[in-house]
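A short worksheet on the structure shown next.
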Amino acid sequence: MSFNNRSDRSRSRRLSGRGMQRILILAGIFGVVTFVVLFGKLWQLQVVQHETLEKKAISQQTREVSSSANRGTIYDANGAILAISGSVQNVILSPRDVLANVEVEEKDEFGNVRSKTVIEAEKQQKVQSTYDLIADGLSKILGVDREDIMTRLKKTNSAYEVLAKKVEDDIADQVRDFIDENDLQGAIYLTDDSKRYYPYSTTASQIVGFVGAENKGAYGLEALYENELSGEDGRTIFAKNASGKEMPSAYSTYTDAIDGYNVHTTIDATIQMFAEKTVEEGIQKFDVTNGAFCIVMDPDTGAVLAMVSYPDFDLNNPSAVVDATESAKLQKLKNDPTVSEEEYADALSQARFKQWSNKCLNTSYEPGSTFKPIVVAAGLEEGVVSEDDTFSCIGYVQMDQWKIRCSARSGHGTQNLRKALMNSCNPALISIGQRLGADKFYEYWENFGFTETTGIELPGEYPSVFWSKEEFVSPAGAVSLATASFGQRFTTTPIQLITALSACINGGHLMEPYVVQSVTDNEGNVVSYHEPSEVRQVISQETSDLVRSFMESVVGGAGGTGKNAYVDGYRIGGKTGSSQTLDSTDHIIVSFAGFAPADDPEVIVLLAYDWPQPAAPGQNTTADGIYISGGNMAAPMAGELIANILDYLGYEKSGASAESNGVTIPRLTGKSLADAQAALSNLGLNYRTSGQGDVVTDQSPNPGSSVPKGSTIVLYMGSEKPGETVAMPDLTGMNYDQAKKALEDVGLYLDATGSGTSGTVFSQMVEPGVILDVGTAVEVKFAENNGEEQALSQKDLWKKSTAGSN
């Protein structure tokens with residue numbers, strides 16, 4: 000019995016030990032499994048999801064607000080602001096924080112715990128009420144669609160919904176008041192931003208360019224100098240509480256925005272506006288349908304003082320089509336039910352591209368006779384022609400089956416080199432081209448820079464289009480050499496042409512054109528500066544002096560095609576051009592390249608009007624009777640522009656010419672009748688008196704007025720000058736005598752400018768119908784309406800005969 004008891008106790012101990020082992024093993028396994036699970040979870044949280052959870056924690060505990068750097072300013076040559084950034088605000092909505100701001104009591108007023116259903120229902124009601132408040136309030140302040148705000152509010156996981164960008168201070172203040180009044184801090188907030196402003200609106204629009212929606216340069220200098228202008232944005236990170244309100248924290252960080260550099264251009268805003276006015280007036284006067292361009296440059300340095308391309312656009316609203324003609328076309332398409340939305344969108348896109356395009360760089364056209372001074376310069380430099388050489392012109396040159404005509408169908412007869420350029424004689428220029436030969440001609444084509452772009456720091460410059468050298472110098476290229484000699488059948492850009500012409504008049508130096516003078520930082524330190532850069536010496540100083548003298552004769556000499564560019568008191572040189580395109584017989588580009596002062600040029604101007612409309616298809620005059628040519632259209636407009644520029648720059652007139660018919664009236668008040676009579680008689684003026692007295696008490700016109708010789712001056716002897724007024728008559732189409740009589744008939748005086756007695760009225764400074772005081776002297780510009788032949792005709796080309804250009 001005792002043995003069995005011992006045996007049972009032993010067995011019990013063994014069983015107990017085994018149980019304990021099992022327990023320990025199970026506990027160990029459970030512990031290991033638990034540890035593995037916990038370790039895995041920790042690994043997932045601490046390693047796998049570390050970045051995600053960290054970002055979530057940061058987003059819940061902090062808010063990051065960026066601050067835009069102020070974009071650098073773009074200035075004109077005199078410090079006038081062409082583009083500047085101003086501080087504005089972006090309105091941001093945080094739907095996630097809108098929910099966080101909505102609080103509902105969990106107990107009622109008696110301290111009883113409310114049901115979850117009641118709490119949730121009340122919360123939803125408060126959320127909806129808050130949504131309505133925000134949507135109603137901000138849609139009214141910002142002008143944003145209410146439904147769009149409501150849609151954004153429902154993005155409850157988002158903390159950054161942009162409701163409005165670049166709002167002005169007055170709107171931003173209304174948003175701040177709305178936030179404070181409704182305790183919506185954190186749910187709605189504002190961030191600093193900047194907005195681009197263009198004070199001159201359309202001035203130099205294709206040069207300055209504009210920025211896109213993200214304040215990044217999209218066109219012009221804004222795009223080309225993006226890295227310099229943009230700067231670096233700053234940011235602020237601050238802690239926030241559960242309701243999204245900012246809390247003071249030592250962990251807040253601030254990174255200041257670094258404003259962009261400033262760009263200083265060579266553009267003179269005043270000269271730019273002179274040029275734009277000239278372009279716009281010519282477009283209206285000549286009914287120009289395909290735009291125009293104008294470049295004003297310093298020929299010695301290559302600095303561009305003005306660059307106009309029409310149509311232009313408003314930099315503050317670059318997507319709006321501002322040209323009246325283009326706008327009318329678009330409106331017609333929009334109202335046409337047969338035009339699809341895609342077709343209208345395409346037309347709108349093309350109209351925008353047209354106004355954004357810079358004709359001065361990316362329009363390649365046949366320059367016509369404005370190219371002739373370059374050929375003359377090459378011939379003189381090579382010694383194949385001299386000033387004393389003579390040329391015979393019978394009205395055409397016959398080359399095998401090709402008859403190449405001159406601008407004068409009956410011919411210019413025998414003429415020297417100076418007169419040949421003044422006459423814009425095609426046969427004479429063909430002769431110079433032939434003497435040069437194709438190889439030398441092509442060599443000067445290269446030397447004057449036409450085989451490559453100029454390198455001006457503006458986007459989109461086109462190259463010239465010429466024959467290949469192999470084709471040009473081959474026997475088959477003889478006709479190409481002939482037509483190229485007077486500027487036809489090849490194309491170049493306005494910037495390339497004016498750069499080459501500058502080399503003809505500045506001593507022979509081909510300069511690289513540029514529009515940016517310098518870049519500075521915010522403290523005014525110069526970061527970069529553009530020194531004038533000479534590409535090469537093309538011709539000698541002696542050759543340049545002679546070409547410059549020839550071109551002055553084109554304007555100031557008797558019979559020169561550019562005589563309508565003459566302005567009394569200024570020495571202007573230049574060359575006209577009338578090039579006909581191949582797309583239409585009526586499509587003519589009239590142009591003029593001019594410079595002044597002729598002895599030491601400070602400015603050179605290239606002005607062109609693309610497609611003045613004839614009175615009827617096939618006719619060579621406008622509805623106003625103006626013959627379509629560079630000499631009749633571009634020359635007088637460019638001459639006036641050059642005179643305005645010289646006046647602005649402070650150049651004194653060189654004195655009236657001997658041929659001038661104008662007389663400046665002296666001050667006669669206080670003189671006796673005899674003294675006044677003697678003073679007027681010496682000036683070739685007549686007089687009549689009004690009233691009785693011994694001393695002149697008043698006069699008409701006023702002292703300083705310019706009137707033609709032979710005009711009658713009214714002297715008031717003791718009587719008061721009458722205060723009568725008259726309407727300005729319309730002098731369109733009148734010659735000198737007719738205009739003078741029409742003015743005198745209503746008591747006004749003629750102040751004649753331009754070609755004077757030999758021309759017809761080109762423009763009158765006072766519009767018809769304007770009320771003037773009797774005795775007022777009115778400036779009227781006269782120009783000779785030359786019967787110049789137009790350029791190469793497509794019809795004639797197919798007949799294997801070419802026409803002239805001048």
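Numbering follows numbering that gives the first Met the number 0, with no gaps: position 712 of the sequence shown is 711.
Ideal placement from N, C-alpha and C gives every residue a C-beta, glycine not left out.
All of these numbers come straight from a predicted model, not from anything done at the bench.
In the DSSP assignment, Ala782 falls within the unbroken beta strand (DSSP E) covering 776 to 782. Approximately 6 angstroms separates the beta-carbon atoms of Val90 and Leu189; this is inside 8 angstroms, confirming the contact. A straight-line Cα-Cα distance of about 38 angstroms links Val321 and Glu651. The count of Cβ pairs closer than 8 angstroms, one atom from the region 755 to 773 and one from the region 713 to 729, reaches three, so the stretches are in contact.
For the pair Thr277 and Val174, the Cα-to-Cα distance works out to about 46 angstroms. Counting along the chain, Tyr735 sits inside the alpha helix (DSSP H) bounded by residues 735 to 743.
Gln414 has Phe390 as its beta-bridge partners, per DSSP. The residues Tyr130, Ala134, in chain order, have a CB closer than 7 angstroms to that of Met149 in the same chain once the five nearest residues on each side in sequence are set aside. For Lys106, the beta-bridge partners assigned by DSSP are Val112. Across the structure, Phe465 and Thr490 are spaced so that their CA atoms are roughly 7 angstroms apart. Rounded to whole angstroms, the separation of the alpha carbons of Gly556 and Asn521 is 52 angstroms. Distances from the alpha-carbon of Val765 to those of Asp750, Ile712, Arg547, Lys358 put Asp750 closest. Fully contained in the region 518 to 578 are the following beta strand (DSSP E) runs of length 3 or more, in chain order: 525 to 528, 533 to 536.
DSSP places Ser204 inside the alpha helix (DSSP H), whose first and last residues are 204 to 207. Sorting Ile24, Asn214, Gly219, Gly136 by C-alpha distance to the C-alpha of Ile187 places Gly136 at the top.
Cβ-Cβ separation between Val375 and Ile455: approximately 26 angstroms, too far for a contact (criterion under 8 angstroms). The DSSP-derived three-state label of Ser84 is strand. In the displayed model, Lys125 falls within a helix according to three-state DSSP. In this chain, Phe370 is not harboured by any alpha helix (DSSP H), its DSSP state being neither H nor E. Across the set Met272, Thr711, Asp232, the C-alpha of Asp232 shows the shortest separation from the C-alpha of Asp255.
Closest in alpha carbon position to Glu213, among Lys165, Asp179, Gly649, Val303, is Lys165.
For Ser326, the enclosing alpha helix (DSSP H) starts and ends at 323 to 334. Proximity to Ala564 across Phe781, Ser406, Asn422 peaks at Phe781, based on C-alpha coordinates. Judged by beta-carbon spacing, Ala633 lies beyond the 8 angstroms limit of Ala622, meaning their Cβ atoms are not closer than that value.
Excluding its 5 nearest sequence neighbours in each direction, Leu684 has C-beta neighbours in its own chain below 8 angstroms: Val662, Ile664, Val706, Lys708, Gly709, Ser710, Thr711, Ile712, listed in chain order. Secondary structure of Arg687 (DSSP, three-state): strand. Residue state for Val338 is assigned as coil, using DSSP reduced to three classes. DSSP lists Thr491 as the beta-bridge partner residues of Tyr364. Exclusion of the five residues before and after Asp267 leaves Asp75, Ala76, Asn77, Leu304, Ala305 as the residues of its chain whose Cβ lies within less than 7 angstroms of its Cβ. Nearest neighbour of Pro310 by Cα position, chosen from Lys468, Leu416, Asn289, turns out to be Asn289. Between Ala481 and Met398, the C-beta gap is smaller than 8 angstroms, which places the two residues in contact. When DSSP states are grouped into helix, strand and coil, Trp466 belongs to the coil group. Ile373 places its beta carbon 8 angstroms or farther from that of Ile403. Within its own chain, the residues whose Cβ lies closer than 8 angstroms to the Cβ of Thr620, once the five positions on either side in sequence are excluded, are Pro613, Ala614, Tyr626, Ile627, listed in chain order.
Taking C-beta atoms as the reference points, Gly638 and Val566 count as a pair closer than 8 angstroms.
In the DSSP secondary-structure assignment, Gln698 is bridged to Leu714.
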